[in-house]
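Worksheet for the structure shown next.
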Amino acid sequence: MNDKKSKIISIETSCDETAVSIMKFDKSENILNIKTLANIVRSQIDIHKEYGGVFPNLAKREHAKNLPIILKKCLEDASLFKPGNTEIKNTEQINELTKHVEGFTENTLDLLKNMEAPEIDRIVVTSGPGLEPALWVGINFAKVLSLVWNKPLIPANHMEGHILGSLINSEIGQTQSVDLSSLQFPALALLISGGHTELVLIKDWLQYEKIGQTVDDAIGEAFDKVARLLGLEYPGGPKVSMLAKEGKAREDIKLPRPMIDSGNYNFSFSGIKTAVLYLIKKLGELDDQTKKDIAKEFEEAVTEVLVKKTSRAIKEFGVKTLILGGGVSANDFIKKEISAATKNISESIKLLLPDKHISTDNSIMIGLVGIFKEIFEIENPKIENIKADSNWSL
Ligand code: KG4
Ligand code: ZN
65 MNDKKSKIIS IETSCDETAV SIMKFDKSEN ILNIKTLANI VRSQIDIHKE
115 YGGVFPNLAK REHAKNLPII LKKCLEDASL FKPGNTEIKN TEQINELTKH
165 VEGFTENTLD LLKNMEAPEI DRIVVTSGPG LEPALWVGIN FAKVLSLVWN
215 KPLIPANHME GHILGSLINS EIGQTQSVDL SSLQFPALAL LISGGHTELV
265 LIKDWLQYEK IGQTVDDAIG EAFDKVARLL GLEYPGGPKV SMLAKEGKAR
315 EDIKLPRPMI DSGNYNFSFS GIKTAVLYLI KKLGELDDQT KKDIAKEFEE
365 AVTEVLVKKT SRAIKEFGVK TLILGGGVSA NDFIKKEISA ATKNISESIK
415 LLLPDKHIST DNSIMIGLVG IFKEIFEIEN PKIENIKADS NWSL
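For our numbering, add 64 to where a residue sits in the sequence shown, where the first one is 1.
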């Protein structure tokens, strides 16, 4: 592991957030210093709201529209944007990469022609898992940058991003140091998001083994569907959690704890959503307090399952560090319960929780994947072999 230093642009478009960051890092011995120079996340929530979920083709169009604009703004924020005249040589290739979305070629070329190649060393892009049409837009945009500026392109796994995201907070402009020797292995990551629910065992840096996952819906999906049943807008996770804070325990509001004693590390969250549906039918017209009571019981039910499975994995594998990642890890009740359970097993287990704006989708976590791949000298595929892999598993 030699000393390293570079400046990277990272791009994330796997779902309904278009995000671009510019980060620089240097690593000397075991100390990794990271500084975020620019970071923009543009959420498409308002656009997808009326569909009650993310609509892939709409996401694709929005990403294509946003990417050139956000990239320019990020370069400006990082003081790396210089207007200029660049002769674009690979127009045919660029056209091939961007022709699938209207206006994408023109907007991309317009930006790149009228600026100098910035002083960056590499480009990192999420290439899976996620919505395939959405992933492709980010990948193809990143390929164009890589071709025009002649810089290496690194594919990043979104879930790995959710794991590594817990290592830093995203304060822009401040340098953050990570002591690579201080993280104790084995570590365990509980990844809970709108698309995934996974337990990943980490034996050493970048060595992952998925030990369990959902067999149907992801936990965030369940939060969003229950929110809909309670008449709340997409994405309803945070709203359910707000209601749950004022809920009360009731004998007539009880939900199952799916797969809690299944003896493995898999999860299932589709049945509980159906159970909420039946419960609502049974209760009839819902007053505000009843909605809060249902939200509370739902949050408690899913949290109990997460806590039980995570605790068992901690004991079985002698886990020394627990990492929480994914959008649902913004949930205060889940954080509190996981934290208490971990302490209960052993005071010495370190719990890493992502910063609030690192827990939902962002590109800082994707930049981190690129940084770690560079530090550990992971070989990258050729640019033509970098593809969207909607089911890319760690
Ligand atoms: O990681 P993320 O931003 O996107 C995916 O990769 O899926 O996660 C988004 C999910 C949504 O389902 C959203 O409702 C949920 O995270 N979420 C929450 C909270 N904040 C976000 N769920 C429960 N409680 C929260 N506070
Ligand atoms: Zn995510």
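The beta-carbon is built from N, C-alpha and C at its ideal position, and this holds for glycine as well.
- In the DSSP annotation of this structure, Gly389 is not part of any alpha helix (DSSP H); the continuous beta strand (DSSP E) holding it starts and ends at 385–389.
- If you check the CB distance, Phe397 and Ser326 do not come in under 8 Å.
- A distance criterion of 7 Å places the beta-carbon of His127 beyond contact range of the ligand ZN, judged by its closest non-hydrogen atom.
- The Cβ atoms of Leu199 and Pro132 lie no closer than 8 Å to each other.
- For Val366 against Ile336, the beta-carbon gap comes to about 7 Å, under 8 Å, which counts as contact.
- Distances between the C-beta of Asn395 and the heavy atoms of the ligand KG4 include at least one below 7 Å.
- Of the candidates Lys318, Lys355, Gly311, Val279, Val279 places its Cα closest to the Cα of Ser334.
- Of the residues Ala181, Pro197, Pro182, Lys146, the one whose Cα lies closest to the Cα of Thr162 is Pro197.
- For Glu76, the three-state secondary structure derived from DSSP is strand.
- Thr100: not part of any alpha helix (DSSP H); member of the beta strand (DSSP E) spanning 95–107, first to last residue.
- The stretch 188–196 makes no contact with the stretch 133–143, as fewer than three CB pairs between them are under 8 Å.
- For the pair Ile73 and Pro216, the Cα-to-Cα distance works out to about 11 Å.
- Here the alpha carbon of Leu96 sits roughly 13 Å from the alpha carbon of Lys437.
- Asn121 sits in a helix when the DSSP states are folded into three classes.
- Between Val118 and His127 the beta-carbon gap is near 11 Å, outside 8 Å, which marks them as no contact.
- The residues Lys69, Asn97, in chain order, have a CB closer than 6 Å to that of Asp90 in the same chain once the five nearest residues on each side in sequence are set aside.
- Comparing alpha carbon positions, the residue from Pro320, Pro147, Val165 closest to Lys177 is Pro147.
- Within the chosen limit of 7 Å, the ligand ZN does not reach the beta carbon of Gly295 with any heavy atom.
- Each residue's CA atom was taken as its position, placing Pro418 and Ser427 some 14 Å apart.
- Rounded to whole angstroms, the Cβ separation of Ala452 and Ser191 is 6 Å, and the two are in contact under 8 Å.
- For the 8 Å CB-CB criterion, Glu368 and Ile435 do not form a contact.
- Sorted by chain position, residues whose beta-carbon lies closer than 5 Å to a non-hydrogen atom of the ligand ZN are Ser257, Asp425.
- By the Cβ neighbour-count rule, Asp352 is exposed, with fewer than 16 other Cβ atoms within 10 Å of its own.
- In this structure, His226 places its C-beta atom within 8 Å of the C-beta atom of Gly390.
- The ligand KG4 approaches Phe287 closely enough that one of its heavy atoms is under 7 Å from the residue's Cβ.
- Checking the DSSP bridge columns, you'll see Thr169 has no partner listed.
- The beta-carbon distance between Leu370 and Leu254, rounded to whole angstroms, is 7 Å. This is short enough to meet the 8 Å contact definition.
- Contact between Val188 and Val433 holds: their C-beta atoms lie close to 6 Å from each other, under 8 Å.
- Rounded to whole angstroms, Ser257 and Asn214 show a C-alpha spacing of 35 Å.
- Relative to Ala220, the option among Glu93, Glu76, Ala282, Lys309 whose CA is nearest is Glu76.
- Ile378 is the residue among Ile378, Met65, Ile447, Val290 whose C-alpha sits nearest the C-alpha of Leu252.
- Across the set Thr239, Glu364, Leu144, Leu211, the C-alpha of Thr239 shows the shortest separation from the C-alpha of Thr100.
- In its chain, beyond the 5 residues on either side, Thr385 have a beta carbon closer than 7 Å to the beta carbon of Leu247.
- Between the ligand KG4 and the CB of Pro299, the shortest heavy atom gap is smaller than 7 Å.
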